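J.:
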Amino acid sequence: MKINFKQILKNHFLLFVFILICLVGTFTSEYFFTIINIQNMIRNMAVPGLLALGVSFVFLVSRIDLSVGSLTIFGPILAVSSLAFFGDMFDFKVLVRGNQYANSAAFIVVISLLTGILIGLINGIGVMYGKITSFIMTLAMMKALWGLNYVLTHGHAYYLQIPTYTWMGTLNLFYIPFSTWIYVLMTILASIIMRYTLVGRRIYSIGGDEKTARLAGINVTFWVIIAFIMSGFCASVAGILFSSRLQTVDAPLAVGFELTAIAFAVVGGVSLTGGRGSPYRAFLGTIVMGALFSLFSMWGLNTWHRNIVVGIIIILVVMLDQRKNNFGRI
Amino acid sequence: MSIQKDQLIMKGISKTFPGVKALDEVSFEIISGEVHSLIGQNGAGKSTLMGILNGITKPDDGQILFNNKVVKIDDPKDAFNLNLSIVHQEFALCNNLTVAENIYLGDEPHNKSGFVNYKKMHLDAKILLESINVNLSTNKIVGNLNTSQWQIIEICKALAKKPKFIVMDEPTASLDEKQIDNLFEIINTLKNNGIGIIYISHKLKEIIHISDRITVLKDGKINDSFLKNEVNEEGLIKSMIGKNISIKNNNQNIINFQKPILKINNYSYSNTFKKIRMDLYEGEILGLSGLLGSGANELLRCIFGIIKQDNGQLSLNDKVVTINKPRDAIVNGIGYIPSDRKNEGLIQNNSIKDNSVLTIFNKLTKMGFFKFNAAAKTTNNYVKKLDIKASNIDSFVMNLSGGNQQKVVIAKWLVKNCKILLFDEPTRGIDIAAKTQIWKLISEFTNEGGSVIVVSNEIPELIINCNRIITMQKGLISNTFNHEDFNEQKISLNISSK
Ligand SMILES: Nc1ncnc2c1ncn2[C@@H]1O[C@H](COP(=O)(O)OP(=O)(O)OP(=O)(O)O)[C@@H](O)[C@H]1O
Ligand SMILES: [Mg+2]
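Line by line, the protein sequences give chains A and B. Going by the numbering used here, the first sequence opens with residue 26, and the numbers climb by one from there. Going by the numbering used here, the second sequence opens with residue 7, and the numbers climb by one from there.
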């Protein structure tokens, strides 16, 4: 069989970009290619990567989810503050030394995941039954959760220094951070679901042409809600990993993450207009942008310069994307 | 062997849309193993009636009986459960998916845990396509295919459901002769297997050929019902329209074949067409005809700058002109009426008025302000001229019947005052009365000095109206016929490959 290099380059273009960035990093900074830096780099990809994975599901059904940023820490905040509240009421110890959480880690995990699913469900119901455009619905949700984050924490941080929880943020398995394992496993799982199961077929068809999907007897309402739930679920997993790494939950954290996530997904080639893209694409966008961020911090570029470069990259990528996506028609 | 016959009856169906009574107490019946045709002018209510049968549209009144039991069809899924399927007039396909994925959309072969069996899906799709003699890779992305391939996929989609009753809403509108023959073979096989077919078309020859029963819908009411052999074409036209229509040539231009207004030389585009030479003269209607894959449609798209030729040059009045994009063509006085009206011809959620004046927006503004009255006047003029059936000019184009949408596309370019118009299947899905009107408009345009290229497979129509006909085969010009030599058989022969 003849190997078509042009085709491979076209399909996995971003993979080569990633390798290029790593090479540039290796030659311009002696610290780039060290275990510590690589570990940090791939650990830092996990949270925005999971968010990008989540919003990709929503993009694929031609909708948008802006609530994932504030949802990220809403889960752990809700878990800690509600437990503190009930602790006061029923007189068991949840917080020590003011703001230090000292209770079950499993509880935070379970409540966070349930919260993510619930918020996704509410978003989905608002969009499909309430007929609110997803932009408005999730913008409102973003603002509301942000507000709730402040209300629940009374504006100051909770510290989560319980080893049963924080190991997730620090542990390495075979040199690879636990967070990265979770992220990669979820990406693989999502890829399988989207590529090989009916769930994927439903979601792609809705993004392709919603009316057609409806005419084919597909329950569009149900599947759009599922997409929002998947997004919410990914955000809550990201939130658990994020807070276990920082060992803190605080309202101002994770602000703006939704836009980073959207940018990562778009750079990977997930189309905002629906039906095109995949978990693998979101993954590619994440590793390229993650490597770039790492490179920039190696170079000591400050945030503002970094933002300018990121902005330019996003515009370039979307431009290239438009070119290849018009099916050769007008 | 006796097969138990199923019977599907629609009784007293009424449906009113804002401003139009689309159906008024219509009853319709279909039995297994028969072809029952439904005909009527554009906007008569055919698609609406079939939409109700398939759970897409909710009727205001009336009921549906399956073997004398009342059934509720509120959703496409209900129709599917009753083994009804439909070939939609406006294609219902997902551009981002492959051929096989579209054919089995919503009904993909899968195992118990929800994993799609792609191997079976592609194999089944391939067998299905082969069974109707179509050679099309099941891996192709549907968005990259052309109108007639979409039509075939749409038909396969309905067949894949293994229906007991199948509605075909203008299945042949974008098919060529060879494919139509194939389709008729399929219909006969389906019939013999005891499947009931509701067939909708504006091509009356087909209707007479294929039907066991014919029902005529006029302005939302049943006007007539005929059995096979009870009626001829004239009878059907009379019942549909209420009067006789004379089909005659309105194009009496004497063409001066000296100086071509448009000349293309050596046009080639990948494997689609090669080294095409063609001239178009002032006042001429040039017919261009070829089967799927002949390159005729692509040639037209290329002249208009939608696709870019690999080589060759184009000159207008002996001046070489470069056309890289549609805008270049428009600036040079060339207009294009696409065959894919749904995506390329119209902005679906804009009004008739906005669509009609889209090409002359800048002419209808004064100091940056839009002249609403002038726009309305222009639009009303064409609505009347083309007999566009709509409650008013502000209704959304997507709510029009298929044929009426096509008329809006044509209006859009007629208002523009182009010198050359390129028509891609202009009479697709249009009733006889409107067809004659459209040809009349085309002739009027050429009588005033315009020139026209029409790509069409309606050879009788071309013969009546064109000055010359060029036939294409596999990307090459196979023959050129001058008006004196027009002969339906010869032209057909030059289109289909030997
Ligand atoms: N969703 C809708 N909203 C408003 N009016 C509609 C809608 N759908 C159809 N109509 C109107 O109902 C009438 C019947 O339309 P229908 O599509 O059934 O006609 P048709 O017989 O299929 O015509 P054609 O041959 O052009 O396809 C038309 O006047 C059309 O404008
Ligand atoms: Mg119709």
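Glycine is no exception: its CB is placed at the ideal position from the N, C-alpha and C atoms. Since the structure is predicted, the reported quantities are computational estimates derived from the model, not experimental observations.
Compare the Cα-Cα distances from residue 82 of chain A to each of A/300, A/96, A/42 and A/69 and report the closest residue.
T.: On the first sequence, residue 82 of chain A is found 57 positions in, with the first residue counted as 1. Cα-wise, what sits closest to residue 82 of chain A is A/300.
J.: What separation, rounded to the nearest whole angstrom, lies between the Cα atoms of residue 164 of chain B and residue 31 of chain B?
T.: One-based indexing of the second sequence puts residue 164 of chain B at position 158. One-based indexing of the second sequence puts residue 31 of chain B at position 25. Whole-angstrom Cα-Cα distance: 28 Å.
J.: Along the chain, which unbroken stretches of the alpha helix (DSSP H) at least 4 residues long are found entirely within the region 224-275 of chain A?
T.: DSSP runs (the alpha helix (DSSP H)) wholly in the region 224-275 of chain A: 235-240 and 245-271.
J.: Assign residue 413 of chain B to one of two classes, buried (16 or more other C-beta atoms within 10 Å of its C-beta) or exposed (fewer than that).
T.: Position 407 of the second sequence, counting from 1, holds the residue named residue 413 of chain B. Buried, since its Cβ has 16 or more Cβ neighbours within 10 Å.
J.: By Cβ distance, which residues of its chain are closer than 8 Å to residue 11 of chain B, with the 5 residues on each side in sequence left out?
T.: Here residue 11 of chain B is taken as the residue at index 5 of the second sequence, counted from 1. Contacts found: 37, 38, 39 and 200.
J.: Considering only residues of the same chain and omitting the five flanking positions on each side of residue 1 of chain B, which have a CB-CB separation below 6 Å?
T.: This structure leaves residue 1 of chain B out entirely; chain B is present only between 7 and 504.
J.: Can you pull out the residues from the region 281-302 of chain A whose beta carbon lies closer than 7 Å to at least one beta carbon of chain B?
T.: Hits within the stretch, in order: 300 and 301.
J.: Checking contacts by CB at 8 Å: is residue 303 of chain B closer than that to chain A?
T.: In the second sequence, the residue the question calls residue 303 of chain B occupies position 297. With 8 Å as the cut-off, residue 303 of chain B does not count as an interface residue toward chain A.
J.: Residues in its own chain within less than 7 Å of residue 94 of chain A by CB, not counting five upstream and five downstream?
T.: The residue given as residue 94 of chain A occupies position 69 in the first sequence. So the qualifying residues of the chain are 167, 279, 280, 281, 282 and 283.
J.: Do you know offhand how far residue 226 of chain B's Cα is from residue 23 of chain B's?
T.: Stepping through the second sequence from its first residue, residue 226 of chain B is reached at position 220. Stepping through the second sequence from its first residue, residue 23 of chain B is reached at position 17. Going from the Cα of residue 226 of chain B to the Cα of residue 23 of chain B covers about 12 Å.
J.: Let me check one thing: in DSSP terms, what residues is residue 326 of chain B bridge-paired to?
T.: For this step, residue 326 of chain B is matched to residue 320 along the second sequence. In the DSSP output, where bridge partners are listed per residue, residue 326 of chain B has B/321.
J.: Give me the chain A residues within the contact set of residue 204 of chain B, using Cβ-Cβ distance strictly less than 9 Å, ordered along the chain.
T.: Here residue 204 of chain B is taken as the residue at index 198 of the second sequence, counted from 1. By Cβ distance, chain A contributes nothing, its closest Cβ being about 17 Å from residue 204 of chain B, past 9 Å.
J.: Please report the residue range of the alpha helix (DSSP H) in which residue 170 of chain B lies.
T.: Counting from 1 along the second sequence, the entry for residue 170 of chain B is found at position 164. Element bounds for residue 170 of chain B: n/a, residue is neither H nor E.
J.: Just verifying my parser: in three-state terms, what is the DSSP assignment at residue 108 of chain A?
T.: Reading the first sequence from its first residue, position 83 is the one you call residue 108 of chain A. Of the three classes helix, strand and coil, the one that applies to residue 108 of chain A here is helix, per DSSP.
J.: Examine the Cβ distances between the region 311-320 of chain B and the region 271-278 of chain B and report whether three or more of them are shorter than 8 Å.
T.: The answer is yes - the region 271-278 of chain B touches the region 311-320 of chain B, with three or more Cβ pairs under 8 Å.
J.: Work out the CA separation of residue 19 of chain B and residue 26 of chain B for me, nearest whole Å.
T.: Along the second sequence, one-based indexing puts residue 26 of chain B at 20. Along the second sequence, one-based indexing puts residue 19 of chain B at 13. About 15 Å.
J.: Is residue 437 of chain B near ligand 1, in the sense that its beta carbon is under 7 Å from a heavy atom of that ligand?
T.: Here residue 437 of chain B corresponds to residue number 431 of the second sequence, with the count starting at 1. For ligand 1, at least one heavy atom lies less than 7 Å from the Cβ of residue 437 of chain B.
J.: Within 8 Å, do at least three Cβ pairs link the region 85-99 of chain B to the region 52-62 of chain B?
T.: Segments in contact, yes.
J.: Can you list, in chain order, the residues of its chain with a C-beta nearer than 8 Å to that of residue 490 of chain B? Leave out the 5 residues immediately preceding and following it.
T.: Residue numbering aside, residue 490 of chain B sits at position 484 when the second sequence is read from its first letter. So no residue of the chain qualifies.
J.: For a contact meaning CB atoms closer than 9 Å, what does residue 24 of chain B contact in chain A?
T.: For the purposes of this step, residue 24 of chain B is taken as residue 18 along the second sequence, with counting starting at 1. Within 9 Å Cβ-Cβ: nothing; residue 24 of chain B doesn't reach chain A, min ~19 Å.
J.: Spell out a yes or no on whether the region 307-321 of chain A and the region 238-246 of chain A are touching, meaning 3 or more CB-CB pairs, one atom from each, closer than 8 Å.
T.: In short, these stretches do not touch, since the Cβ pair count stays below three.
J.: Please say whether residue 267 of chain B and residue 322 of chain B have beta carbons closer to each other than 8 Å?
T.: What you label residue 322 of chain B is simply residue 316 of the second sequence in a count that begins at 1. What you label residue 267 of chain B is simply residue 261 of the second sequence in a count that begins at 1. Yes, they are a contact pair.
J.: Compute the beta-carbon to beta-carbon distance between residue 402 of chain B and residue 355 of chain B, rounded to the nearest angstrom, for a pair I have assumed lies under 8 Å.
T.: Within the second sequence, residue 402 of chain B is the residue found at index 396, counting from 1. Within the second sequence, residue 355 of chain B is the residue found at index 349, counting from 1. Correct: roughly 6 Å between the Cβ atoms.
J.: Counting contacts by CB-CB distance shorter than 8 Å, is residue 8 of chain B in contact with chain A?
T.: Numbered from its first residue, the second sequence carries residue 8 of chain B at position 2. Its pLDDT being 49, under 50, residue 8 of chain B is placed unreliably in this model, and the value from its coordinates should be taken loosely. Not an interface residue.
J.: Specify whether the region 389-400 of chain B and the region 324-337 of chain B touch according to this definition: at least 3 beta carbon pairs, one from each stretch, less than 8 Å apart.
T.: With the cut-off at 8 Å, the region 389-400 of chain B and the region 324-337 of chain B do not touch.
J.: 8 Å is my cut-off, CB to CB: does residue 100 of chain B come that close to chain A?
T.: Mapped onto the second sequence, residue 100 of chain B falls at position 94. Judged by the 8 Å Cβ criterion, residue 100 of chain B is in contact with chain A.
J.: At a CB distance below 9 Å, what residues from the region 112-137 of chain B approach chain A? Give them in sequence order.
T.: From the region 112-137 of chain B, only 112, 113, 114, 116, 119, 120, 121, 122 and 124 have a Cβ closer than 9 Å to chain A.
J.: Do you know how far the Cα of residue 103 of chain B is from the Cα of residue 150 of chain A?
T.: Locating residue 150 of chain A in the first sequence gives position 125, counting from the first residue. Locating residue 103 of chain B in the second sequence gives position 97, counting from the first residue. Taking the straight line from one Cα to the other gives about 27 Å.
J.: With the cut-off set at 8 Å, would you say residue 426 of chain B and residue 339 of chain B are in Cβ contact?
T.: Locating residue 426 of chain B in the second sequence gives position 420, counting from the first residue. Locating residue 339 of chain B in the second sequence gives position 333, counting from the first residue. Against a cut-off of 8 Å, the Cβ pair of residue 339 of chain B and residue 426 of chain B comes out as a contact.
J.: Looking only at its own chain, which residues have a Cβ that is under 7 Å from the Cβ of residue 132 of chain A, when we skip the five neighbours before and after it?
T.: Taking the first sequence and counting its residues from 1, the one referred to as residue 132 of chain A is at position 107. Once the five neighbours on either side are set aside, the close Cβ partners of residue 132 of chain A are 104 and 108.
J.: Based on the DSSP secondary-structure assignment, which residues constitute the bridge partners of residue 219 of chain B?
T.: Translated into positions along the second sequence, residue 219 of chain B becomes position 213. Its beta-bridge partners are B/42 and B/233.
J.: May I ask you to report which of helix, strand or coil DSSP gives residue 116 of chain B?
T.: Taking the second sequence and counting its residues from 1, the one referred to as residue 116 of chain B is at position 110. Residue 116 of chain B falls in the strand class under three-state DSSP.
J.: Could you spell out where the beta strand (DSSP E) holding residue 177 of chain B opens and where it closes?
T.: As a working mapping, residue 177 of chain B is identified with position 171 in the second sequence. Segment: none, residue 177 of chain B is in no beta strand (DSSP E) and carries neither H nor E.
J.: Can you give me the Cβ contacts of residue 7 of chain B inside the same chain, cut-off strictly under 7 Å, excluding the 5 residues immediately before and after it?
T.: On the second sequence, position 1 is the one that residue 7 of chain B refers to. Note that residue 7 of chain B scores a pLDDT of 44, beneath 50, so its modelled location is shaky; the value from the coordinates is reported in the next line. Closer than 7 Å at the Cβ level, and outside the excluded window around residue 7 of chain B, lies no residue.
J.: To which residues of the same chain is residue 429 of chain B closer than 6 Å at the C-beta, ignoring the five residues directly before and after it?
T.: Position 423 of the second sequence, counted from the first residue, corresponds to residue 429 of chain B. Correct list, in chain order: 343 and 460.
J.: So, does the CB of residue 88 of chain B fall closer than 8 Å to a CB anywhere in chain A?
T.: Counting from 1 along the second sequence, the entry for residue 88 of chain B is found at position 82. Chain A, which has no Cβ nearer than 8 Å to the Cβ of residue 88 of chain B, makes this no.
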